[in-house]
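Peer 1: In terms of the UniProt record's numbering, the sequence shown opens at residue 1 and continues consecutively. One structure, pasted below without further comment.
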Amino acid sequence: MDAEKRKRYENIAAEIVRLVGGRDNILGVAHCATRLRLVLEDNDKADTKAIEDVDLVKGVFVAGDQLQIIFGAGLVNDVCQVLADSIHMDSMSLGDLKTKANKRMNPLQRAVKALSDVFIEIMPGILAAALLTGLSSVLGNIEFVQNNDTLYGLSRLINISSGAIFGFLPLCVAYSTVKRFGGRPIMGIVIGCIMLTNSLADASAAAQGTVDVTTLHIFGLPVELIGFQGGIIVALLIGIVTAKLDIFFERKVPEVIRLLVSPLLTTLVSSFLLFMIIGPVGRGLANGITAVLVWMTQHLGVIGYAAFSGVQQLIVITGLHHVFGAIESQLLVDTGRNFLNPLMSVAIIAQGGAVLGYLVRNLKEAKAKELCIPSFISVLFGITEPALFGVNLRYRYPLIGGCLGGAIGGAVVYFTDLAALGFGTTVVPGIALADPAHNGYINYIIAHVIALAAGFAFAVLIGTIFDRKNAKAAPAAVSGAEISQAGGVSGFSSEEKETEPSEKAELPEEIYAFAPGEFVGIEKVKDPTFAEKVLGDGVAILPAEGKIYAPADCTIEMVMDTKHAVGLRTKAGNGLLIHVGIDTVQLGGKYFDVHVTEGQKLKAGDCIMDFDKDKIAEEGYDTAACLIFTEPVEGSHADREAERTVAVGDKIAVITE
Numbered sequence: 001m002d003a004e005k006r007k008r009y010e011n012i013a014a015e016i017v018r019l020v021g022g023r024d025n026i027l028g029v030a031h032c033a034t035r036l037r038l039v040l041e042d043n044d045k046a047d048t049k050a051i052e053d054v055d056l057v058k059g060v061f062v063a064g065d066q067l068q069i070i071f072g073a074g075l076v077n078d079v080c081q082v083l084a085d086s087i088h089m090d091s092m093s094l095g096d097l098k099t100k101a102n103k104r105m106n107p108l109q110r111a112v113k114a115l116s117d118v119f120i121e122i123m124p125g126i127l128a129a130a131l132l133t134g135l136s137s138v139l140g141n142i143e144f145v146q147n148n149d150t151l152y153g154l155s156r157l158i159n160i161s162s163g164a165i166f167g168f169l170p171l172c173v174a175y176s177t178v179k180r181f182g183g184r185p186i187m188g189i190v191i192g193c194i195m196l197t198n199s200l201a202d203a204s205a206a207a208q209g210t211v212d213v214t215t216l217h218i219f220g221l222p223v224e225l226i227g228f229q230g231g232i233i234v235a236l237l238i239g240i241v242t243a244k245l246d247i248f249f250e251r252k253v254p255e256v257i258r259l260l261v262s263p264l265l266t267t268l269v270s271s272f273l274l275f276m277i278i279g280p281v282g283r284g285l286a287n288g289i290t291a292v293l294v295w296m297t298q299h300l301g302v303i304g305y306a307a308f309s310g311v312q313q314l315i316v317i318t319g320l321h322h323v324f325g326a327i328e329s330q331l332l333v334d335t336g337r338n339f340l341n342p343l344m345s346v347a348i349i350a351q352g353g354a355v356l357g358y359l360v361r362n363l364k365e366a367k368a369k370e371l372c373i374p375s376f377i378s379v380l381f382g383i384t385e386p387a388l389f390g391v392n393l394r395y396r397y398p399l400i401g402g403c404l405g406g407a408i409g410g411a412v413v414y415f416t417d418l419a420a421l422g423f424g425t426t427v428v429p430g431i432a433l434a435d436p437a438h439n440g441y442i443n444y445i446i447a448h449v450i451a452l453a454a455g456f457a458f459a460v461l462i463g464t465i466f467d468r469k470n471a472k473a474a475p476a477a478v479s480g481a482e483i484s485q486a487g488g489v490s491g492f493s494s495e496e497k498e499t500e501p502s503e504k505a506e507l508p509e510e511i512y513a514f515a516p517g518e519f520v521g522i523e524k525v526k527d528p529t530f531a532e533k534v535l536g537d538g539v540a541i542l543p544a545e546g547k548i549y550a551p552a553d554c555t556i557e558m559v560m561d562t563k564h565a566v567g568l569r570t571k572a573g574n575g576l577l578i579h580v581g582i583d584t585v586q587l588g589g590k591y592f593d594v595h596v597t598e599g600q601k602l603k604a605g606d607c608i609m610d611f612d613k614d615k616i617a618e619e620g621y622d623t624a625a626c627l628i629f630t631e632p633v634e635g636s637h638a639d640r641e642a643e644r645t646v647a648v649g650d651k652i653a654v655i656t657e
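Shown next as structure tokens:
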């Protein structure tokens, strides 16, 4: 770069360093295809609003533990290097930066982040199950439905569907955990099936003593053949172990027998550990916690009630809350009243209040509405998994607010002597179980309203104090939380180009299909940074094979180190960015093979890269290939062709004046 540009970049770097809280607040520096990424000691010291006004900056947002500043392809490389030089810090790889970000978190924060990562992927299934459960509960209490064969049949099918999803939730968790920790997802499915096989006694029935449990003795150790229905914490632990074993055996087993031996060893070792160590330890820990909670309610008065309601939903996170059913049954037999039911119910509604608190603080974010509204609806029917795993645990402060709100509700339950005459349903449907003594119905409503309001208020208050919004919207009103997952996706800086192509072609200029597959508008890509056209219009192809070709006669101007993105300039001077997959920057170049270098001239149809489409999909990434018109010639615009199946070389757009 020439002296004038370097001076400009030095001014930009100095301003950014000042606005993020100084050199001492910067722990790491890196960049992707378009964004400068900083790990800061304290994100609260960064003035993101002021950074948006810095020269050449196109957007700013906080994603997890990174401050990301959009500059555009090509330009970001130079700015990153100048900034790193100015603070005497080496520019990092994205992998090193992520490691640095993880080190910044304490062990509890890392554990919570990993837990939320696991559940985000399976959240659609959890949400579907929750809403189906709520619908089933409503239909089951309508006499007309029960007396009509067709409606009763539909109600039963809904009940079966919802029960099946929750019944196999540990399998889903094991799958997602293995994937999250780097193993092959299919191994998570295998160990999940072992956890839930019908060769084992049902966990709920075993807890209530209604089935006989077979006990084996292996190496002198008793091994109870009980299934792991509801065993979320066990699924998490065994998922982590399975992932590590899968990685280990894949590396150590000779390639000639790897396909046969590696999965066999992973399954065998994981199974033994599940039944002999992880399962018993997980169950023992949960049972101990449960026993302590019940003792507190029986011996510590209002403090015990408040403590139980305050932490009861944390037991739900472990998936071991089904043991309360046996305790509730015994309470009804011994006393005729079940005080645990309203305690759990107010704990549930308080988490719903916290969801509303998070929603109020993030009303401008479309993603918040998508998550919070259906999650709150499911809470009304006593199902908190979508609220817990989709919102509260993920963003931390709503979970704290919900627990505090639950504690307030528990105190109200104590002072009003609220109890239930049954068990199995809570919140709105649960009012039917309330003991009518001592104005039970009225007190039930009052306790829930107070818990809801307290959960809401605490979530808003704590979120405001600590300012723990998980994402701040970029200037184009794109969800920051979603942008955070879109590695390397914007365009070239219209300000900065070192060279112009030696050849110029007149407009209009035709753009051709750069991969075979389904041609669609950029709006249909499942990434808001693309779909909202933050830095330019574009098109996309859902590729039928793993090859990318030149969309026009062009010169390669940028090849990302991670190989998933290539910048080019056409003969007419139009700047384009080809980006393969969504968030594939996280793969670090794995499965990509680029055949071009910067400065290389290509003809339309020349091969730019190969990528293993199937392997990328197996890793859980969307393989949509995007072409962004990052810098069209001044005064020009792109006209797209109709969506259809295309072959390489088919016309897909025309850039015209």
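A virtual CB, placed ideally from N, CA and C, is assigned to each residue, including glycine.
Quick one: grab the DSSP three-state call for V580.
Peer 2: Strand, per DSSP.
Peer 1: Leaving aside the five residues before and after L200 along the sequence, list all residues of the same chain whose C-beta is less than 7 Å from its C-beta, in chain order.
Peer 2: Correct list, in chain order: L225, I226 and G227.
Peer 1: Hey, out of A617, M123, P551 and H31, whose CA is closest to D90's CA?
Peer 2: The shortest C-alpha separation from D90 is found at H31.
Peer 1: State the DSSP-derived secondary structure class of D246, mapped to helix, strand or coil.
Peer 2: Helix, per DSSP.
Peer 1: Roughly how many angstroms separate the alpha carbons of G410 and F308, rounded to a whole number?
Peer 2: Whole-angstrom Cα-Cα distance: 7 Å.
Peer 1: Going by C-alpha distance, which of P254, L260 and L196 is nearest A235?
Peer 2: Answer by Cα proximity: L196.
Peer 1: Does the region 203 to 213 come close enough to the region 164 to 184 that 3 or more CB-CB pairs lie under 8 Å?
Peer 2: Taking 8 Å as the limit for Cβ pairs, the verdict is that the region 203 to 213 does not touch the region 164 to 184.
Peer 1: Which residue spans inside the region 390 to 454 form an unbroken alpha helix (DSSP H) run of at least 4?
Peer 2: Here the runs fully enclosed are 397 to 415 and 427 to 430.
Peer 1: Should the region 644 to 656 be regarded as contacting the region 504 to 523, the criterion being three or more beta carbon pairs within less than 8 Å?
Peer 2: With a cut-off of 8 Å, the region 504 to 523 and the region 644 to 656 count as touching, because enough Cβ pairs lie within range.
Peer 1: Have a look at V316, A451 and H448 and flag the residue whose alpha-carbon is nearest the alpha-carbon of T384.
Peer 2: The shortest C-alpha separation from T384 is found at V316.
Peer 1: Among R23, N77, R35 and V17, which has the Cα closest to the Cα of A50?
Peer 2: Here the closest residue by C-alpha is V17.
Peer 1: With distances taken from CA atoms, which of S136, L274, Q351 and D246 is nearest V261?
Peer 2: It is D246 whose Cα lies nearest to the Cα of V261.
Peer 1: Rounded to whole angstroms, what is the Cα-Cα separation between R251 and N362?
Peer 2: Distance between the alpha carbons of R251 and N362 is about 45 Å.
Peer 1: What number of angstroms, rounded off, separates the C-alpha of D622 from the C-alpha of E523?
Peer 2: So the two alpha carbons sit approximately 15 Å from each other.
Peer 1: Considering only their Cβ atoms, is the gap separating L343 from Y305 smaller than 8 Å?
Peer 2: Cβ distance < 8 Å, so Y305 and L343 count as in contact.
Peer 1: What is the C-beta distance between T416 and H438, in whole angstroms, given that I count them as a contact (C-beta under 8 Å)?
Peer 2: Sure, about 7 Å apart at Cβ, within 8 Å.
Peer 1: Have a look at the DSSP bridge pairing and note the partners of L627.
Peer 2: In the DSSP output, where bridge partners are listed per residue, L627 has V539 and I578.
Peer 1: Could you pull out every residue in the same chain whose Cβ sits closer than 6 Å to the Cβ of A617, ignoring the five residues on either side in sequence?
Peer 2: Closer than 6 Å at the Cβ level, and outside the excluded window around A617, lie T623.
Peer 1: Note down the Cα distance separating N443 from A354, rounded to an integer number of angstroms.
Peer 2: Near 21 Å, if we compare the C-alpha coordinates of A354 and N443.
Peer 1: Name the DSSP beta bridge partners of P222, please?
Peer 2: Bridge partners of P222: H217.
Peer 1: Spatial neighbours of L404 within its chain, please: CB distance less than 6 Å, with the 5 preceding and 5 following residues excluded, ordered by chain position.
Peer 2: For L404, where only same-chain residues beyond five positions count, the Cβ hits under 6 Å are F458.
Peer 1: Helix, strand or coil: how does DSSP classify V54 here?
Peer 2: In the structure shown, V54 sits in coil (DSSP, three-state: anything other than H, G, I, E or B).
Peer 1: From this set, L27, H579 and T425, which residue's C-alpha is nearest V39's C-alpha?
Peer 2: With distances taken between Cα atoms, V39 lies closest to L27.
Peer 1: At which residues does the alpha helix (DSSP H) containing I652 begin and terminate?
Peer 2: Not the alpha helix (DSSP H): I652 falls in the beta strand (DSSP E), residues K651 to T656.
Peer 1: Is DSSP giving I69 helix, strand or coil here?
Peer 2: The answer is strand: DSSP assigns I69 an E or B state.
Peer 1: Which whole-angstrom value is the C-beta distance of V594 and I608, which I expect to be below 8 Å?
Peer 2: Confirmed, Cβ separation roughly 7 Å.
Peer 1: Checking 8 Å against the spacing of the C-beta atoms, do Q81 and R37 come in under that value?
Peer 2: Going by C-beta atoms, Q81 is not nearer than 8 Å to R37.
Peer 1: Would Q313 be called buried (16 or more neighbouring beta carbons within 10 Å of its own) or exposed?
Peer 2: Its Cβ being crowded by 16 or more others within 10 Å, Q313 is buried.
Peer 1: With distances taken from CA atoms, which of E643, E631 and G620 is nearest I578?
Peer 2: The shortest C-alpha separation from I578 is found at E631.
Peer 1: Are there 16 or more other CB atoms within 10 angstroms of the CB of F592, so buried, or fewer, so exposed?
Peer 2: It counts as buried.
Peer 1: Got a sec, what are the start and stop residues for the alpha helix (DSSP H) M558 sits in?
Peer 2: Note, M558: premise wrong, no alpha helix (DSSP H); beta strand (DSSP E) at C554 to V559.
Peer 1: Can you find the residues in the same chain that come closer than 8 Å, C-beta to C-beta, to V118, ignoring five residues on each side of it along the sequence?
Peer 2: V173, S176, T177, R180, L236 and G239, listed in sequence order.
Peer 1: I need the straight-line Cα distance from E545 to I628, nearest angstrom please.
Peer 2: Computed Cα separation, rounded: 20 Å.
Peer 1: For G517, does the three-state DSSP call read helix, strand or coil?
Peer 2: Strand at G517.
Peer 1: Could you check if K7 is buried or exposed, using at least 16 other CB atoms within 10 Å of its CB as the buried criterion?
Peer 2: Its Cβ having fewer than 16 others within 10 Å, K7 is exposed.
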